[in-house]
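Protein chains in written order, with this note's numbering: chain A, 111 to 250; chain B, 109 to 222; chain C, 187 to 954.
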Amino acid sequence: MNSIILQIAARYLKWILIVFAVLALLRGHNHPGGGFIGGLMAGLAIVYRSFAYNAFQIKEELKDRPERYIALGLSVILLSFVPSLIKNATLMTGLWFTIPLPFNEELKLGTPFLFDIGVFFTVIGVTLMFVFSLTQKSQP
Amino acid sequence: MEIVLAIVVGVLYTVSVYLMLRRSILKFIIGLIFMSNATNLLVFLSAGLVPGSPGFIKPEGVAAETMADPLPQALVLTAIVIGLGIVVFTLALKYKFFELTGTDDLDQLKQTDS
Amino acid sequence: MLHLLIVILIFSFGVFLMPGKMKKYNAIVLSLVQAGAFLFFLTRVPDITNLTFGHTLIEWIPQLGLNIEFVLDGLSMVFALLVTGIGALVFLYAGAYMKSYTGTNKFFFYLMLFSGAMLGLVLSGNLIQLFIFWELTSVLSFFLISFFHEKESARKAALQSFYITGLGGLSLLAGIILLGSVVDSYSLTEWLANPQAIQESKLYLPGLLLILTGVFTKSVQFPFHFWLPEAMQAPAPVSSYLHSATMVKAGVFLLARLNPVLGGTQEWIYIITLIGILTMLTGSYFALTQTDIKGILAYTTINALGVLVLLLGIGTRESIMAAMLFLFIHAFYKATLFMIAGLIEKKTGTREINELGGLVKYMPVTFVIALLSLLSMAGLPPLLGFLGKELIYEAKIQSPGIASVVLILGVTSNIFMVAISLFFVRKVFLGKYKTTNKVPNEKGFAFLIGPGILALLSLLLGLSPSNLGDAVIKPAITAVSLENVEIKLKLWHGFNQVFFMSLFTIVAGSFLFVAMLKSKKLMNAWRKFNSIVFSIQFEQVFAWILEKFVMVSTMKEKAVQHGYHRYYILTIFAFTSILLWVQFFYTQTPMQEINFTLKPFYISGLAVVIILVALASAVLRSRIVTIVAMGVAGYGIALIFLYYSAIDLAITQILVETLTIVMFMAILQRLPRFAVLSSKATRLRDFSIALVFGTIMTFITLKAINVNLNRPISDFFLENSYTRAYGENVVNVILVDFRALDTLGEVTVLTIAAVGVYLLLLPKKNKL
Numbered sequence: 111m112n113s114i115i116l117q118i119a120a121r122y123l124k125w126i127l128i129v130f131a132v133l134a135l136l137r138g139h140n141h142p143g144g145g146f147i148g149g150l151m152a153g154l155a156i157v158y159r160s161f162a163y164n165a166f167q168i169k170e171e172l173k174d175r176p177e178r179y180i181a182l183g184l185s186v187i188l189l190s191f192v193p194s195l196i197k198n199a200t201l202m203t204g205l206w207f208t209i210p211l212p213f214n215e216e217l218k219l220g221t222p223f224l225f226d227i228g229v230f231f232t233v234i235g236v237t238l239m240f241v242f243s244l245t246q247k248s249q250p
Numbered sequence: 109m110e111i112v113l114a115i116v117v118g119v120l121y122t123v124s125v126y127l128m129l130r131r132s133i134l135k136f137i138i139g140l141i142f143m144s145n146a147t148n149l150l151v152f153l154s155a156g157l158v159p160g161s162p163g164f165i166k167p168e169g170v171a172a173e174t175m176a177d178p179l180p181q182a183l184v185l186t187a188i189v190i191g192l193g194i195v196v197f198t199l200a201l202k203y204k205f206f207e208l209t210g211t212d213d214l215d216q217l218k219q220t221d222s
Numbered sequence: 187m188l189h190l191l192i193v194i195l196i197f198s199f200g201v202f203l204m205p206g207k208m209k210k211y212n213a214i215v216l217s218l219v220q221a222g223a224f225l226f227f228l229t230r231v232p233d234i235t236n237l238t239f240g241h242t243l244i245e246w247i248p249q250l251g252l253n254i255e256f257v258l259d260g261l262s263m264v265f266a267l268l269v270t271g272i273g274a275l276v277f278l279y280a281g282a283y284m285k286s287y288t289g290t291n292k293f294f295f296y297l298m299l300f301s302g303a304m305l306g307l308v309l310s311g312n313l314i315q316l317f318i319f320w321e322l323t324s325v326l327s328f329f330l331i332s333f334f335h336e337k338e339s340a341r342k343a344a345l346q347s348f349y350i351t352g353l354g355g356l357s358l359l360a361g362i363i364l365l366g367s368v369v370d371s372y373s374l375t376e377w378l379a380n381p382q383a384i385q386e387s388k389l390y391l392p393g394l395l396l397i398l399t400g401v402f403t404k405s406v407q408f409p410f411h412f413w414l415p416e417a418m419q420a421p422a423p424v425s426s427y428l429h430s431a432t433m434v435k436a437g438v439f440l441l442a443r444l445n446p447v448l449g450g451t452q453e454w455i456y457i458i459t460l461i462g463i464l465t466m467l468t469g470s471y472f473a474l475t476q477t478d479i480k481g482i483l484a485y486t487t488i489n490a491l492g493v494l495v496l497l498l499g500i501g502t503r504e505s506i507m508a509a510m511l512f513l514f515i516h517a518f519y520k521a522t523l524f525m526i527a528g529l530i531e532k533k534t535g536t537r538e539i540n541e542l543g544g545l546v547k548y549m550p551v552t553f554v555i556a557l558l559s560l561l562s563m564a565g566l567p568p569l570l571g572f573l574g575k576e577l578i579y580e581a582k583i584q585s586p587g588i589a590s591v592v593l594i595l596g597v598t599s600n601i602f603m604v605a606i607s608l609f610f611v612r613k614v615f616l617g618k619y620k621t622t623n624k625v626p627n628e629k630g631f632a633f634l635i636g637p638g639i640l641a642l643l644s645l646l647l648g649l650s651p652s653n654l655g656d657a658v659i660k661p662a663i664t665a666v667s668l669e670n671v672e673i674k675l676k677l678w679h680g681f682n683q684v685f686f687m688s689l690f691t692i693v694a695g696s697f698l699f700v701a702m703l704k705s706k707k708l709m710n711a712w713r714k715f716n717s718i719v720f721s722i723q724f725e726q727v728f729a730w731i732l733e734k735f736v737m738v739s740t741m742k743e744k745a746v747q748h749g750y751h752r753y754y755i756l757t758i759f760a761f762t763s764i765l766l767w768v769q770f771f772y773t774q775t776p777m778q779e780i781n782f783t784l785k786p787f788y789i790s791g792l793a794v795v796i797i798l799v800a801l802a803s804a805v806l807r808s809r810i811v812t813i814v815a816m817g818v819a820g821y822g823i824a825l826i827f828l829y830y831s832a833i834d835l836a837i838t839q840i841l842v843e844t845l846t847i848v849m850f851m852a853i854l855q856r857l858p859r860f861a862v863l864s865s866k867a868t869r870l871r872d873f874s875i876a877l878v879f880g881t882i883m884t885f886i887t888l889k890a891i892n893v894n895l896n897r898p899i900s901d902f903f904l905e906n907s908y909t910r911a912y913g914e915n916v917v918n919v920i921l922v923d924f925r926a927l928d929t930l931g932e933v934t935v936l937t938i939a940a941v942g943v944y945l946l947l948l949p950k951k952n953k954l
């Protein structure tokens, strides 16, 4: 495939899709979305671009290869276990920290959220790995 | 409505079993996808159908009794993603098989080592 | 006691870690370990005499009755002393014997492990644990028999003995489980506490027969006796240790161990006595015509094991006493003789009795040791064997009901034993020296120390048996018969009935011996006679059974494992739907009324679309259209999710479906078109199976909707999602908080799948 329209569209659509994916991840705890959905969306965005050019180039361009996403994701998941270990609670206990923000707001951060971020990255990596592995041979 | 959807489940299962009994691996994989979809739908239906009341809790509190059961949904969500993994893995296996043997016919796949 | 076993385990692995220069001290170190264990048990002897039983319990799965239990009572003590004591001497001997072979590390490893397993067996207080050690000894025996694995006969013998003892082991396990179900425990103490319940149960006879099969295979009883002579392919230390002194006695041990539980019934007495007599006669009779010295010893061992089993079958106090004493006697002289036989083979290069002769000139010390042992075997005074034989005669006189038969056969068998002992001495050591390949000598102190000590023990204990009797035999009898007894062991019993029988035995045996020696013709004729009359070779029968068994299983495998993928799947679905239909009919519960309605119509329309595209994808020939149809079905299902309040589910389904289609499309161009591979009839058959399965799934779905869910779990999630996990989206909270472990597992599965796909499709030039 070598369509200029598709390529230019993909360049911008990819970022839009990724922004949506991150949004889905962030609001996942209170609204529809979450790590899986966000990860699949972001993964599809990159796949979309890889189809517009071709998988091989994207792989080069990305510099960081799919396995790095998986490694990052799994590490973040492991990281999310650390607080519960430190507090000597059962492993994977959800712990929340409240950070006060100006204007009388507050931000709640918790280990489940960290866990979700880990899932997000792992799913991106897995998706990319699937697609790149299956498509790589079609390129001469 | 339950009856209609139950029939859908039955048809999906019929199609999936029929496809899985074909000799072509590609058809087998499509059958696998249908089976995974049918099973997801079955689990989802078993919780009962509640239209228009998704499992979202508002801080002020909502009567839980009228809400759709979130547990089967979480189960099925996991199942969908795992199903994807299985399908892709089978697809890769199939591709490798075709590359090595040059055939799509499962009956050629009789020996364990070759 | 557990610590002792662990020490033995550590040392057996330690064999491999010995630095190169220290290798030659391997045997000595292991021998010292055994001697240490022996001393440990020896210091415990006074405790046993005072009837305080050692008992260790480590709970493992108490719900299933699986615990690690060790018992040290009189009976265990007898065997523990034998295992460790003879073990120490055998290791010393093996150090010298194995010097010229390669692979001795392996040998000592197996032998040491074996001693641990045997010790574990006799100390077991739990029958499942006993079974495990029992099997371990079989496995290690297999490895030790096949030590010279480059010889085909050794491999064959090893396999044969393993099949038989393995079969017996399984049978034993079945028996233990059967009888264990009666008292609902595998603990020995429980069994000992409830003999009544076990003996009155319907399962008693089957359980007894199964356990006895295990016992008889292990203790080489008729008709399983044939594996022992074959097992003589093993190196001499193994024959001496496993196949005369310890392992083959495991069956006898088990009989004695279970005597209080299972013993005393008609079945017990008659089966065991009969088998014991048969074995005893078979052993001594065939020993006469053997020409291989280890073969002779093997058959006399069979005889001895027959005697032991017979004595336990009779089951009176005297017979048990005789059995316990005979255990020691036999271990002393037979271990010695096997070691001597190994030495002779080593020094002369042959085991054929006709090629040997006059060795007394070259091996005087060996001669003395062998003479003492053989006299003990023949049952001549003043050796321990004489005492044993007297007691055995006494016991046989008392055997209930069939005393005269037992006695006559027993005397006959002993006449044979006397003859064979004299024959052995005369042929091997006396007479004219026959030139052999090597000039024999007696170099090697380590060769003689073990046999020497054992032969001396035969003599000394024969002269003053009361110490042994009070300290060890008495507690053992108490353990076997569960009653306190007073015993007096002395060599001289006076001129009584038994003495005259002994006298007769010796005289008759000597006559037989002279006849055997003088007339070569007689021997040859006799061998011929045996080969005609006893033409049924048990080992051949066994081999035949084995061959047929393999044939049948090959046929079965060909029928069931045909290799056609779709027929496996067909079988699975056909049987699954049969089972589901059956279950569905048997569990019909009144169904809640479900109204058939097509409202809302757009969902009904969606359902129709899904059904149509699904059917289309089954029959269409074009690959792309099929995949698109599959995708449409998937999106349709996503819409159903969406309508019925599962928003996250719907989004995920859509994304996954998209990804699937993308991947199918990516790979499609490189795959062949669908070919029509099946005939119409096949397709019709497959469709009917699919339809049967689909129909039952529809009913099951309806039934599943009907199941009245009380929702305690879901309500817990709904209630706590916001208050305790600070999330409004309950599904997401379940995924990342309440059931995060499941999600972790899922992510792991995905990662594994991704890595698998990656490796499968790695281009060849980048192969790892």
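Idealized CB from N, CA, C, for every residue including glycine.
* Asked: Pairing CB atoms from the region 355-374 of chain C with CB atoms from the region 409-418 of chain C, are three or more of them under 8 Å?
  -> no
* Segments assigned alpha helix (DSSP H), at least 4 residues, entirely inside the region 749-783 of chain C -> 751-772
* To do: List the residues that DSSP assigns as beta-bridge partners of G220/A.
  => W206/A
* So, is L338/C buried or exposed, given that buried needs 16 or more other C-beta atoms within 10 angstroms? -> First, the amino acid is wrong: residue 338/C is Glu here, not Leu. With fewer than 16 other Cβ atoms within 10 Å, it is exposed.
* **Rounded Cβ spacing between I457/C and L365/C (contact assumed at less than 8 Å)** => Not quite, the Cβ-Cβ distance comes to about 16 Å (not below 8 Å), so this is no contact.
* Asked: When we look at the beta-carbon of W454/C and count the other beta-carbons within 10 Å, is it buried (16 or more) or exposed?
  -> buried
* **C-beta neighbour in chain C for P193/A, strict 8 Å** => no
* **Host alpha helix (DSSP H) of N148/B (start-end)** => 133-154
* Under the DSSP definition of a beta bridge, which residues are partnered with L243/C? -> E255/C
* Over the uninterrupted alpha helix (DSSP H) stretch that includes D872/C, give me the two end residues. => 866-892
* To do: Count the C-beta pairs between the region 531-545 of chain C and the region 606-618 of chain C that are closer than 8 Å, then say yes if the count reaches three, no if not.
  => yes
* Measuring alpha carbon to alpha carbon, tell me which of F136/B, V112/B, M143/B ends up nearest T122/B. => M143/B
* Could you give the residue range of the alpha helix (DSSP H) that holds T740/C? -> 724-746
* At a Cβ cut of 8 Å, what residues of the region 835-858 of chain C count as close to chain A, listed as they run along the chain? -> I837, T838, L841, V842, T844, L845, V848, M849, A852, I853, Q855, R856
* Asked: What are the complete alpha helix (DSSP H) segments, minimum 4 residues, inside the region 582-646 of chain C?
  -> 589-610
* For F164/B, which beta-bridge partners are listed by DSSP? -> N915/C
* Asked: According to DSSP, which residues form a beta bridge with N445/C?
  -> Beta-bridge pairing links N445/C to no other residue.
* To do: Return yes when the Cβ of I789/C is within less than 8 Å of the Cβ of Y829/C, no when it is not.
  => yes
* Asked: So the alpha helix (DSSP H) N291/C belongs to, where does it begin and stop?
  -> 290-309
* Can you name the residues of chain B whose CB is closer than 7 Å to the CB of L184/A? -> Within chain B, no residue comes near L184/A; the closest Cβ sits about 15 Å away, beyond 7 Å.
* **Cα-Cα separation between L201/B and G210/B, rounded to whole angstroms** => 13 Å
* Asked: What does L127/A reach in chain C if we use C-beta pairs closer than 9 Å?
  -> The contacting residues do not exist; L127/A stays about 11 Å from chain C at best.
* Three-way DSSP call (helix, strand, coil) for P250/A in this model -> Low confidence applies here, because P250/A scores a pLDDT of 36, under 50, leaving its location unreliable; read the following figure in that light. Three-state DSSP puts P250/A in coil, outside helix and strand.
* Integer Cβ distance of L261/C from R443/C, believed to fall under 8 Å -> 6 Å
* For A199/A, is the classification buried or exposed, using 16 other Cβ atoms within 10 angstroms of its Cβ as the cut-off for buried? -> exposed
* State the DSSP-derived secondary structure class of N212/C, mapped to helix, strand or coil. => helix
* Asked: Taking 8 Å as the CB-CB cut-off, is L801/C touching chain B?
  -> yes
* Taking all protein chains shown into account, decide if S124/B is buried (16 or more other Cβ within 10 angstroms of its Cβ) or exposed. => buried
* Asked: Do T232/A and S190/A have their CB atoms nearer than 8 Å?
  -> no
* To do: Compare the C-alpha of V935/C against each of T186/B, E207/B, L208/B and name the closest.
  => T186/B
* To do: Could you check what DSSP says for N312/C in three-state terms: helix, strand or coil?
  => strand
* Asked: Closest by CA to D901/C, which one among L153/B, P178/B, D213/B?
  -> P178/B
* Going by the beta-carbon positions, is the gap between V236/A and G145/A smaller than 8 Å? -> no
* With C-beta atoms as the reference, is L696/C less than 8 Å away from L560/C? -> Here residue 696/C is Ser; the residue named in the question, Leu, does not match the sequence. No, these two residues do not count as a Cβ contact at 8 Å.
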